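Enquirer: Mapping of the sequence shown onto the numbering used here: position 101 corresponds to residue 101, and the numbering continues sequentially without gaps.
Each residue gets a CB set at the ideal place from its N, CA and C atoms; glycine is no exception.
This structure is a prediction, so every number in the text was calculated from the model and none was measured.
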Amino acid sequence: MAAATRRTTAAADWRALGTSVRLVTTDPALLDSCNLLLARHLAEVDAACSRFRQDSELVALDQARGRPVRVSPLLAEALAVALRAAAATDGAVDPTVGSAIGALGYDRDFRLVQDDGHPIRLTVRPVPGWRAVTLDRATDTVTVPAGVRLDLGATAKAWAADKAAALLAEAAGCGVLVSLGGDTAVAGEPPAGGWRVRVQDATGPVDETPAPGTYATVSIRSGGLATSGTTSRRWRRGAHDLHHIVDPYTGLPAETPWRTVSVAAATCADANAAGTAALVKGAGAQRWLAGLGLPARLVANDGTVVTTPGWPASAWAWSGPEAAA
Numbered sequence: 001m002a003a004a005t006r007r008t009t010a011a012a013d014w015r016a017l018g019t020s021v022r023l024v025t026t027d028p029a030l031l032d033s034c035n036l037l038l039a040r041h042l043a044e045v046d047a048a049c050s051r052f053r054q055d056s057e058l059v060a061l062d063q064a065r066g067r068p069v070r071v072s073p074l075l076a077e078a079l080a081v082a083l084r085a086a087a088a089t090d091g092a093v094d095p096t097v098g099s100a101i102g103a104l105g106y107d108r109d110f111r112l113v114q115d116d117g118h119p120i121r122l123t124v125r126p127v128p129g130w131r132a133v134t135l136d137r138a139t140d141t142v143t144v145p146a147g148v149r150l151d152l153g154a155t156a157k158a159w160a161a162d163k164a165a166a167l168l169a170e171a172a173g174c175g176v177l178v179s180l181g182g183d184t185a186v187a188g189e190p191p192a193g194g195w196r197v198r199v200q201d202a203t204g205p206v207d208e209t210p211a212p213g214t215y216a217t218v219s220i221r222s223g224g225l226a227t228s229g230t231t232s233r234r235w236r237r238g239a240h241d242l243h244h245i246v247d248p249y250t251g252l253p254a255e256t257p258w259r260t261v262s263v264a265a266a267t268c269a270d271a272n273a274a275g276t277a278a279l280v281k282g283a284g285a286q287r288w289l290a291g292l293g294l295p296a297r298l299v300a301n302d303g304t305v306v307t308t309p310g311w312p313a314s315a316w317a318w319s320g321p322e323a324a325a
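This is how it looks when you write it as structure tokens:
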């Protein structure tokens, strides 16, 4: 694209779904209207998928006691994405971790999860498993066995970002980037040179550059980019230092050599599922991601960075709005 026709961009930042929200549009005049649509969309997702709201559809499934429940098309779609992620990752990402992560103390919005020092007993107990959940998309009916609690935290934000980006780009007719807690999806015509997205090992405001060596800036033109990690959502219970990435095979926080894994894929949901699964898979994650043909950047606990084929080797200077993944 010639310099004279280069698109300008505008950005808005706020919070929803218990995380940061960043919206960037290639037409600044459409930012406010897109932001209103995004807020409405995320409110609907929260009402359907939150495990922290007693009035959400997801929490209502806990009270069904194994009976089939007709759910909204929105929750049915979110569940379908979660079950597809479980199948694609050989169960490394599993929506039936709800009870396990609640037992670890992450049973409310993370801003309310405090280090209270109360001891807990860590017991190896595999989660029930995603195959126990039945979803009939023809009728949007779901059956969850009694005692099984679902948690869509590993997939719902990324799926919501994909859905929002596509919705806004179609409605506004411009390029759109939606980032939810670092799960980034883009749609529509991108700006010249693509969307610049900074992947980083520690959470922080997008306008604050992290310390050297802890981030990389890449360009994407479509699809999604997501970073999963064990460094941002951590808390203590007694002598145990815990994080939110649960290994479905043990029901405990994943023991992994990686502190963050960033993945680019055709959708943000696919990228996030792959990154989360890589943390659970541990030492074999790099080979697994490469076998899937997914460009990825893995940062070890000692700060060593390794990448898979297709991940850009260089960074770009950029003066416009970025997103942080």
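Measuring CB to CB, does Thr276 end up less than 8 Å from Gly224?
Expert: Here residue 276 is taken as the residue at index 276 of the sequence shown, counted from 1. Here residue 224 is taken as the residue at index 224 of the sequence shown, counted from 1. In this structure, Gly224 does not lie closer than 8 Å to Thr276 by Cβ.
Enquirer: Rounded to whole angstroms, what is the Cα-Cα separation between Pro312 and Arg137?
Expert: As a first step, residue 312 is located in the sequence shown; it is residue number 312 there, counting from the start. As a first step, residue 137 is located in the sequence shown; it is residue number 137 there, counting from the start. Using only the alpha carbons, I get a separation of about 39 Å.
Enquirer: Closest to Trp267 by CA distance: which of Leu31, Ala29, Asp162 and Asp247 is it?
Expert: Reading the sequence shown from its first residue, position 267 is the one you call residue 267. In the sequence on display, residue 267 carries Thr and not Trp. If we check each option's Cα against that of Thr267, Asp162 comes out closest.
Enquirer: How would you call Leu289, buried or exposed, if buried means at least 16 neighbouring beta carbons within 10 angstroms?
Expert: Translated into positions along the sequence shown, residue 289 becomes position 289. Buried, because 16 or more other Cβ atoms sit within 10 Å of the Cβ of Leu289.
Enquirer: Give the straight-line distance between the Cα atoms of Arg51 and Leu83, rounded to the nearest whole angstrom.
Expert: Residue numbering aside, residue 51 sits at position 51 when the sequence shown is read from its first letter. Residue numbering aside, residue 83 sits at position 83 when the sequence shown is read from its first letter. Going by the C-alpha atoms only, they are around 17 Å apart.
Enquirer: Between the alpha carbons of Arg128 and Ala87, how many angstroms are there, rounded?
Expert: Within the sequence shown, numbered from 1, the residue matching residue 128 stands at position 128. Within the sequence shown, numbered from 1, the residue matching residue 87 stands at position 87. The amino acid at residue 128 is misidentified as Arg; the sequence shows Pro. Near 14 Å, if we compare the C-alpha coordinates of Ala87 and Pro128.
Enquirer: For Cys49, which residues in the same chain have their Cβ closer than 6 Å to its Cβ, ignoring the five residues on either side in sequence?
Expert: Here the question's residue 49 lines up with position 49 in the sequence shown. So the list reads Leu58, Ala78, Leu152 and Ala156, once near-sequence residues are dropped.
Enquirer: For Val306, is the classification buried or exposed, using 16 other Cβ atoms within 10 angstroms of its Cβ as the cut-off for buried?
Expert: Looking up residue 306 in the sequence shown gives position 306. If you draw a 10 Å sphere on the C-beta of Val306, you find fewer than 16 other C-beta atoms in it, and that means exposed.
Enquirer: How many angstroms separate the CA atom of Thr143 from the CA atom of Ser72?
Expert: Looking up residue 143 in the sequence shown gives position 143. Looking up residue 72 in the sequence shown gives position 72. Approximately 14 Å, taken between the alpha carbons.
Enquirer: Tell me the DSSP secondary structure of Thr276 in three-state form.
Expert: Translated into positions along the sequence shown, residue 276 becomes position 276. Note: Thr276 maps to helix in three-state DSSP.
Enquirer: Identify the continuous alpha helix (DSSP H) that holds Gly291 and give its terminal residues.
Expert: The residue you call residue 291 lines up with position 291 of the sequence shown. Its alpha helix (DSSP H) spans residues Ala285 to Gly291.
Enquirer: Might you give, ordered along the chain, the residues of its own chain that have their beta carbon closer than 6 Å to the beta carbon of Leu112, omitting 5 neighbours on each side?
Expert: The residue given as residue 112 occupies position 112 in the sequence shown. Interpretation of Leu112 is limited by its pLDDT of 47, a score under 50 that renders its predicted location unreliable; the figure taken from the coordinates is listed afterwards. Closer than 6 Å at Cβ, skipping near neighbours: no residue.
Enquirer: Would you tell me roughly how many angstroms separate the C-alpha atoms of Arg196 and Ile220, rounded to the nearest one?
Expert: Counted from its first residue, the sequence shown places residue 196 at position 196. Counted from its first residue, the sequence shown places residue 220 at position 220. Going by the C-alpha atoms only, they are around 7 Å apart.
Enquirer: For Trp130, does the three-state DSSP call read helix, strand or coil?
Expert: Working through the sequence shown from its first residue, we reach residue 130 at position 130. Assignment of Trp130 by DSSP, reduced to helix, strand and coil, places it in the helix class.
Enquirer: Residues in the same chain with beta-carbon distance under 6 Å from Ala164, minus the five sequence neighbours each way, listed in chain order, please.
Expert: As a working note, residue 164 is residue 164 in the sequence shown. Annotation for Ala164: Leu38, His41 and Val178 place their beta carbon closer than 6 Å to its own, counting only its chain and skipping 5 residues before and after.
Enquirer: Can you look up Thr250 in the DSSP assignment and give me helix, strand or coil?
Expert: By 1-based counting over the sequence shown, the position of residue 250 is 250. Reduced to three states, the DSSP call for Thr250 is coil.
Enquirer: Could you tell me the alpha carbon to alpha carbon distance between Ala154 and Pro95, rounded to whole angstroms?
Expert: As a working note, residue 154 is residue 154 in the sequence shown. As a working note, residue 95 is residue 95 in the sequence shown. Roughly 8 Å between the two C-alpha positions.
Enquirer: Excluding the five sequence neighbours on either side, which residues of its own chain have a C-beta within less than 7 Å of the C-beta of Val97, listed in chain order?
Expert: By one-based count along the sequence shown, residue 97 stands at place 97. Within the same chain, Val97 has close Cβ partners Val127, Asp151, Val246 and Pro248.
Enquirer: Just to confirm before moving on: does the CB-CB distance between Ala278 and Ala269 stay below 8 Å?
Expert: For this step, residue 278 is matched to residue 278 along the sequence shown. For this step, residue 269 is matched to residue 269 along the sequence shown. Taking 8 Å as the Cβ cut-off, Ala278 and Ala269 do not qualify as a contacting pair.
Enquirer: Quick check: the Cα distance between Gly310 and Gly291, rounded to an integer number of angstroms?
Expert: Mapped onto the sequence shown, residue 310 falls at position 310. Mapped onto the sequence shown, residue 291 falls at position 291. C-alpha separation (whole angstroms): 12 Å.
Enquirer: Whose C-alpha, out of Arg15, Val24, Ala12 and Ala16, is nearest the C-alpha of Gly194?
Expert: For this step, residue 194 is matched to residue 194 along the sequence shown. Considering only alpha carbons, the answer is Val24.
Enquirer: Please name the residue in Ala300, Thr214, Thr308 and Thr8 whose C-alpha comes closest to that of Leu30.
Expert: For the purposes of this step, residue 30 is identified with residue 30 of the sequence shown, where counting begins at 1. Residue Thr8 holds the alpha-carbon nearest to the alpha-carbon of Leu30 among Ala300, Thr214, Thr308 and Thr8.
Enquirer: What is the C-beta distance between Asp27 and Ala172, in whole angstroms, given that I count them as a contact (C-beta under 8 Å)?
Expert: Taking the first residue of the sequence shown as position 1, residue 27 is located at position 27. Taking the first residue of the sequence shown as position 1, residue 172 is located at position 172. About 7 Å; that satisfies the 8 Å criterion.
Enquirer: Beta-carbon separation of Gly66 and Trp130 under 8 Å?
Expert: Taking the sequence shown and counting its residues from 1, one reaches residue 66 at position 66. Taking the sequence shown and counting its residues from 1, one reaches residue 130 at position 130. Not in contact: Gly66 and Trp130 (Cβ atoms no closer than 8 Å).
Enquirer: How many angstroms separate the CA atom of Val124 from the CA atom of Val280?
Expert: For this step, residue 124 is matched to residue 124 along the sequence shown. For this step, residue 280 is matched to residue 280 along the sequence shown. Summary for Val124: the model assigns pLDDT 49, below 50, so the residue's position carries little reliability, and this model does not support an answer.
Enquirer: For Arg53, collect the residues of the same chain with a Cβ closer than 6 Å to its Cβ; drop the 5 residues on either side in sequence, then sort them by chain order.
Expert: In the sequence shown, counting from the first residue as 1, residue 53 sits at position 53. Within the same chain, Arg53 has no close Cβ partners at all.
Enquirer: Can you name, in chain order, every residue of its own chain whose Cβ lies under 6 Å from the Cβ of Ala16, other than the five neighbours on each side?
Expert: Your numbering for residue 16 matches position 16 in the sequence shown. So the qualifying residues of the chain are Leu42.
Enquirer: Excluding the 5 residues preceding and the 5 following Ala348 in the sequence, name in chain order all residues of the same chain whose CB lies nearer than 6 Å to its CB.
Expert: What is shown of the chain runs 1 to 325, which leaves residue 348 out entirely.
Enquirer: Please return the same chain residues whose Cβ sits closer than 8 Å to the Cβ of Ser56, not counting the five positions on each side in sequence.
Expert: If you number the sequence shown from 1, residue 56 lands on position 56. Closer than 8 Å at the Cβ level, and outside the excluded window around Ser56, lie Asp46, Ala47, Ala48, Cys49 and Ser50.
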